[in-house]
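*Asks:* So the sequence lines, in the order shown, correspond to chains A and B. Residue 143 in this note's numbering is what sits at position 143 of the first sequence, and the numbering runs on without skipping anything. So the mapping is simple: this note's numbering equals the position in the second sequence, first residue as 1, plus 1000.
2 protein chains.
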Amino acid sequence: MSHEPLMLEGKPVVAEIYANLSSRIEALTAQGITPCLATILVGDDPASATYVRMKGNACKKLGMESRRIHLPADTTTKQLIDTIAKLNQDTAVHGILLQHPVPAQIDERAAFDAIDSAKDVDGVTSLGFGRMSYNVPAYASCTPEAILSVLDHYQIDIEGKHAVVIGRSAILGKPVSFLLLNRNATVTICHSKTKDLAEHVGHADIVVAAVGRPKFVQGSWLKPGAVVLDAGYNEGNIGDADFESCLDKVKAITPVPGGIGPVTIAKLLQHTVEAAEASV
Amino acid sequence: MSHEPLMLEGKPVVAEIYANLSSRIEALTAQGITPCLATILVGDDPASATYVRMKGNACKKLGMESRRIHLPADTTTKQLIDTIAKLNQDTAVHGILLQHPVPAQIDERAAFDAIDSAKDVDGVTSLGFGRMSYNVPAYASCTPEAILSVLDHYQIDIEGKHAVVIGRSAILGKPVSFLLLNRNATVTICHSKTKDLAEHVGHADIVVAAVGRPKFVQGSWLKPGAVVLDAGYNEGNIGDADFESCLDKVKAITPVPGGIGPVTIAKLLQHTVEAAEASV
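In structure tokens form, the structure reads like this:
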């Protein structure tokens, strides 16, 4: 490219979201309501523990409450669902986050779907996904929504563009595909069984890397002037895109770290504030 | 093409489904349970009245019950939802079909979502869509599932193929995209805002025409050897594909009428039998 690619930094997007939330949190607090996010961590995965801590700290910074629930690694599906049921009933809790992934003995989908849709601020329930897909009000999954917020903040057009999403997970690839579709992108969903992945990616105006493989997406695959949104979070803070090789081809790209990740947390807090407002 | 394209007739697919259902309906009847589909028609649209009648007749032919509810054209959303709530409670009713489209004053999505997921045999609720998308057991929308049944019956591979879906409606384009995705196709979803539609279609191994415009998909757009599934049902029994021009290019194509349509009804009855079995 003859010009420097645009860095899609998350920081100004987060600042914009938090500026909007501050006054809303104040207004709620004046009514005696402090927005409260309950986080559930099952087991002792250090990365998961870090993510949960980051979310709790973000709440604190904004004057919100967080309630951390830590369950042992041998928790059963039933015990986890019972814990969720209590939080569903608790009127002081506005949002519930179950940190993904949970230990293998737990039916994660059943646990996610036990979360009351009014408190599903992380956007993980089947019902929430269906509603979001059908344009019924619902909390969308946070990382997909963060991707859209980054595109919007940097005024990157979505309508009529060809978006190629690499990955089809329940909380990332699938929902981001439908968020982009509902914003009038033409969307191609690729995954591990896709043949000629590089060719598919080569047609894209917008590439969403959501595959969970470090430095997977190569610059050589890209159409010149493509926009790359990297939602990867691999060990060592490495994204799903091979950043260096992509730089030569892209119009804009998210850095990792500092791109989508921080916006994801801001979306979680935004949803929790919205849930608190809806509870009034 | 040097050979005649394969005609993907619905008739043998329906025969296969009905052969399987007959013994199951007999077994239920022996237990004193007759599978019962309640159909709701709002207003006097002649095409809708025909569709509802066809579904009732299909039930009768298989020894199932149908209960036809006909509401006036000026029915409100609340009245319709009240009617659905009564059917949700009625243990003699196993499946509920709300004929689409409803008059403009009704919130169709709210009405669909009022159907108990256990009786959502037409696969129209947000919850059912979310569950289907996430591979949680649910009744998929009938026309999308009919498309998959036709592909399976004629042993047309889905895994690793590139499927292009034209249309993104709640009960057709969106669900068929996810059914194909969950069967490991690479899926592109096109719609009214798609640029270069012909080019997208030209990459497809499998084309699903779900756009509601007669003779819209042109043979000249197709890759030689493509498979065309035409889910169109336009006035005068005309499909969404320009059948004549497609014939020169395709490996296989559904006729209209006689392709997807009859299989859709068979899927509805299959779901109703499953719902009756689940109620035992």
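Just so you know, even glycine gets a beta-carbon here, dropped at the ideal spot from N, CA and C.
Could you say which of B:Asn1020, B:Leu1148, B:Ala1170 lies nearest to Val1273 of chain B if we only look at CA atoms?
*Replies:* B:Asn1020
*Asks:* Determine the contact status of Glu1159 of chain B and Asn1135 of chain B, defining contact as a CB-CB distance below 7 Å.
*Replies:* no
*Asks:* Which residues of chain B have a Cβ atom closer than 8 Å to the Cβ of Val136 of chain A, listed in chain order?
*Replies:* Arg1109, Asp1113, Ser1126
*Asks:* If we require 3 or more residues per run, which beta strand (DSSP E) segments fall completely within the segment 60-137 of chain A?
*Replies:* 65-71, 95-98
*Asks:* Taking the C-alpha atoms as reference points, what is the distance between Gly1219 of chain B and Val1121 of chain B?
*Replies:* 35 Å
*Asks:* Is there a Cβ of chain B sitting closer than 7 Å to that of His271 of chain A, yes or no?
*Replies:* no
*Asks:* Mapping DSSP to helix, strand and coil, what is Thr1264 of chain B?
*Replies:* helix
*Asks:* Strictly below 8 Å CB to CB, what residues from chain B border Gly130 of chain A?
*Replies:* Thr1125, Ser1126, Leu1127, Gly1128, Phe1129, Gly1130, Arg1131, Ser1133
*Asks:* Check whether the Cβ atoms of Gly167 of chain A and Val211 of chain A sit closer than 7 Å, and answer yes or no.
*Replies:* yes
*Asks:* Listing by chain order, which chain B residues have their CB less than 8 Å from the CB of Cys190 of chain A?
*Replies:* What Cys190 of chain A touches in chain B: Thr1186.
*Asks:* Pairs of beta-carbons, one from the segment 1004-1020 of chain B and one from the segment 81-96 of chain A, closer than 8 Å: are there three or more?
*Replies:* no
*Asks:* Hey, out of B:His1153, B:Phe1129, B:Asp1196, whose CA is closest to Ser1177 of chain B's CA?
*Replies:* B:Phe1129
*Asks:* Would a check of beta-carbon distances place Glu159 of chain A closer than 7 Å to chain B?
*Replies:* yes
*Asks:* Specify, as a first and last residue, the run of the alpha helix (DSSP H) that Thr29 of chain A falls within.
*Replies:* 11-30
*Asks:* Over the uninterrupted beta strand (DSSP E) stretch that includes Val176 of chain A, give me the two end residues.
*Replies:* Note, Val176 of chain A: premise wrong, no beta strand (DSSP E); alpha helix (DSSP H) at 173-182.
*Asks:* Helix, strand or coil, according to DSSP, for Thr1272 of chain B in the structure here?
*Replies:* helix
*Asks:* Confirm the yes/no value for this check: CB of Asp1152 of chain B, any heavy atom of the ligand FAD, distance under 6 Å.
*Replies:* Because no ligand of any kind appears in the structure shown, any question about the ligand FAD cannot be addressed here.
*Asks:* Checking the sheet assignment: what are the DSSP bridge partners for Leu1041 of chain B?
*Replies:* B:His1070
*Asks:* Closer than 7 Å, Cβ to Cβ, to anything on chain A: give me those residues from the segment 1194-1216 of chain B, in chain order.
*Replies:* Thr1194, Lys1195, His1200
*Asks:* Taking a contact to mean a Cβ-Cβ separation below 7 Å, would you say Thr264 of chain A touches Ala146 of chain A in this structure?
*Replies:* yes
*Asks:* Going by C-alpha to C-alpha distance, which of A:Ala170, A:Ala73, A:Gly63 sits closest to Ala110 of chain A?
*Replies:* A:Ala170
*Asks:* Is any beta-carbon of chain A found at less than 7 Å from that of Ala1118 of chain B?
*Replies:* no
*Asks:* Please list the terminal residues of the continuous beta strand (DSSP E) segment that includes His203 of chain A.
*Replies:* That residue, His203 of chain A, is in no beta strand (DSSP E); it is neither H nor E in DSSP.
*Asks:* Does the CB of Leu1181 of chain B have a neighbour CB from chain A at under 7 Å?
*Replies:* It does; some Cβ of chain A falls within 7 Å.
*Asks:* Considering Cα atoms alone, identify which of B:Val1150, B:Asp1157, B:Ile1069 is closest to Lys1086 of chain B.
*Replies:* B:Ile1069
*Asks:* Taking C-alpha atoms, which residue in B:Phe1112, B:Glu1026, B:Gly1173, B:Leu1071 lies nearest to Glu1065 of chain B?
*Replies:* Considering only alpha carbons, the answer is B:Glu1026.
*Asks:* Rounded to whole angstroms, what is the Cα-Cα separation between Ile189 of chain A and Leu269 of chain A?
*Replies:* 28 Å
*Asks:* If I measure Cβ to Cβ from Ala278 of chain A and keep anything under 8 Å in the same chain, skipping five residues before and after, which residues do I get?
*Replies:* Ala118
*Asks:* Against chain A, which members of the segment 1147-1173 of chain B pass a CB distance test of less than 7 Å?
*Replies:* Glu1159, Gly1160, Arg1168, Ala1170
*Asks:* Can you say whether Leu1222 of chain B is buried or exposed, counting buried as having 16 or more other CB atoms within 10 angstroms of its CB?
*Replies:* buried
*Asks:* Who are Cys142 of chain A's beta bridge partners in DSSP?
*Replies:* Paired residue(s): none; Cys142 of chain A is not in a bridge.
*Asks:* Check the DSSP bridge columns for Val1187 of chain B and list the partner residues they point to.
*Replies:* DSSP, once it has assigned bridges, lists A:Ile189, B:Ala1163 as partnering Val1187 of chain B.
*Asks:* Considering only their Cβ atoms, is the gap separating His1200 of chain B from Val1150 of chain B smaller than 7 Å?
*Replies:* For Val1150 of chain B and His1200 of chain B, no; Cβs fall outside 7 Å.
*Asks:* Within the continuous beta strand (DSSP E) that includes Asp1229 of chain B, where are the two ends?
*Replies:* With the sequence shown as reference, residue 1229 of chain B is identified as Leu, and Asp is not the correct amino acid for it. Note, Leu1229 of chain B: beta strand (DSSP E), 1227-1230.
*Asks:* Tell me which residues share the same chain as His203 of chain A and place their Cβ nearer than 8 Å to its Cβ, disregarding the 5 neighbours each side in the sequence.
*Replies:* Hits under 8 Å: His162, Val164, Thr188, Lys223.
*Asks:* Let's see if you can read the secondary structure: which residues bound the alpha helix (DSSP H) around Glu1244 of chain B?
*Replies:* 1243-1247
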